[in-house]
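So for the sequence shown, the working numbering puts the first residue at 2; every next one is plus one.
Glycine residues also receive a C-beta, built at the ideal position from the N, C-alpha and C atoms.
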Amino acid sequence: MNKPVILVVEDDAPVRNLMSTTLKTHDYKYLTAPNGREAVMLTSSHNPDVIFLDLGLPDMDGVEVIRQIRSWSNVPIIVISARSEDDDKITALDAGADDYLTKPFSVEELLARLRVTIRRLSMMNADSSFDNSVYVNGNLKIDFPAGCAFLNGEELRLTPIEFRLLCLLARNTGKVLTHTYITQNIWGRSWDNDIASLRVFMATLRKKLEPGPDSPEFIQTHVGIGYRMLKSE
Ligand code: CA
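Structure (structure tokens):
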């Protein structure tokens, strides 16, 4: 990938300046927008590679910005929200945001999120025939067409639901998937019961997958939000 172009959408000028200075210092190209309308315009005119989107904008709801952009673009969107806007953050992820940062955040967090997102992008670009392929992540291998998964070369004994969960997380490596998103994909609906079942299935899947319960190598929990498949180093 050439130097990625990052769009920063933030109405708070000091935060916007901090973000753009950080990006500049780390040799990223960037654009900025102080409101939702300009964000949508710049996205269609400049086709950025990643968008940082503040949810609390003066002219329109950040979630509405995501919906508009998602109607034509799959550009990764990392939402930025205040701690009090936890529900908005989940709505944003369900509307198609890829990841989130909670204010106040450090420059290191900002850069780490960006690196994860760019890595996922280049992985997707490198393998456009993902569905018919074999997925490899560290010691984990998933043979999608054969419907089986291997850890350290040994086949994992997964139930059909566990296998579907693993595939869903793997296809979205690096991306936070909300409970609602996962249950809707696995069961086609999202009731409280389904979210409770999801916890149980995730626990059994992780027991089969992770070396130690306290040191997840593959599946990261985002408390109250969902799960993310990590890229194993
Ligand atoms: Ca704001």
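With contacts defined by Cβ atoms closer than 8 angstroms, residue 62 and residue 38 do not form a contacting pair. For residue 168, the CB contacts under 7 angstroms within the same chain, skipping 5 residues up- and downstream, are 143, 145 in chain order.
Per DSSP, residue 14 is one residue of the alpha helix (DSSP H) stretching across 14-26. For residue 66, the enclosing alpha helix (DSSP H) covers residues 63-71. Relative to the Cα of residue 116, the nearest Cα in the group 13, 29, 209, 222 belongs to 29.
Apart from the 5 residues on each side of it in sequence, residue 71 sits with its Cβ closer than 6 angstroms to the Cβ of 97 in its chain, given in chain order.
In this structure, the beta-carbon distance from residue 210 to residue 220 falls below 8 angstroms. Here DSSP, grouped into helix, strand and coil, assigns residue 209 to helix. Ligand 1 never approaches residue 97 closely enough for any of its heavy atoms to be under 7 angstroms from the residue's Cβ.
When only Cα atoms are considered, residue 122 and residue 158 end up about 30 angstroms apart. For residue 55, the shortest separation between its Cβ and any heavy atom of ligand 1 lies below 7 angstroms.
Going by DSSP, residue 82 is part of the beta strand (DSSP E) stretching over 78-83. For residue 90, the enclosing alpha helix (DSSP H) begins and ends at 87-95. Rounded to whole angstroms, the separation of the alpha carbons of residue 44 and residue 6 is 11 angstroms. Annotation for residue 13 indicates a beta carbon within 7 angstroms of some heavy atom of ligand 1. In this chain, the alpha helix (DSSP H) harbouring residue 181 covers 180-188. The Cβ-Cβ distance between residue 20 and residue 111 falls below 8 angstroms. Under the 10 Å beta carbon count, residue 77 is surrounded by 16 or more other beta carbons and is classified as buried. Annotation for residue 41: the continuous alpha helix (DSSP H) segment containing it runs 37-47. By the neighbour-count definition (other C-beta atoms within 10 Å, threshold 16), residue 80 is a buried residue. In the assembly as shown, residue 201 is an exposed residue. Its beta-carbon has fewer than 16 other beta-carbons within 10 Å. Partner residues in the beta bridge of residue 149, as assigned by DSSP, are 144.
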